[in-house]
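Its first residue numbered 1, the sequence shown is counted upward by one per residue in the UniProt record's numbering.
Working notes for the structure below.
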Amino acid sequence: MLNALLKKQDGSVLEVPEGVVLPLKTQADLEALDQKLGDRSVMSAVVTMVADVGGTSIDDATRRMMKYILSNELALEYNLFGRHGKKKV
1 MLNALLKKQD GSVLEVPEGV VLPLKTQADL EALDQKLGDR SVMSAVVTMV
51 ADVGGTSIDD ATRRMMKYIL SNELALEYNL FGRHGKKKV
């Protein structure tokens, strides 16, 4: 199933960058990924992986991508504006 998710449009398989494990489970995982995304090749690979998750609408695609990137536990620590004791996105 993972290989199906990581297939490029041309049929070749996109390799998961070393050290990238999704969904992220902790703040430390998030910070480590943030540093790795400074490398253009890692950024491109992660963007392609997440874009391939897709969805039937913008709302559905956004929801599916967020579930792919963040564990529920980590997602619960954030909101858009950082209100109610949560971290700002």
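Glycine included, each C-beta is placed from N, C-alpha and C at the ideal position.
Under the DSSP definition of a beta bridge, which residues are partnered with residue i?
i	result
Y78	K87
What whole-angstrom Cβ distance do residue i and residue j have, given they're in contact under 8 Å?
i	j	result
M65	V46	Actually they do not touch by this definition, with Cβ atoms about 11 Å apart.
Taking the alpha-carbon positions, what's the residue i to residue j distance?
i	j	result
M43	V16	11 Å
T48	K88	25 Å
T67	G38	Residue 67 is actually Lys in this sequence, not Thr. Cα-Cα distance, rounded: 22 Å.
D29	T62	21 Å
I58	V50	14 Å
L22	I69	6 Å
Helix, strand or coil for residue i, going by three-state DSSP, please let me know.
i	result
L30	helix
Please classify residue i: is it buried, with 16 or more other beta-carbons within 10 angstroms of its beta-carbon, or exposed?
i	result
L76	exposed
L80	exposed
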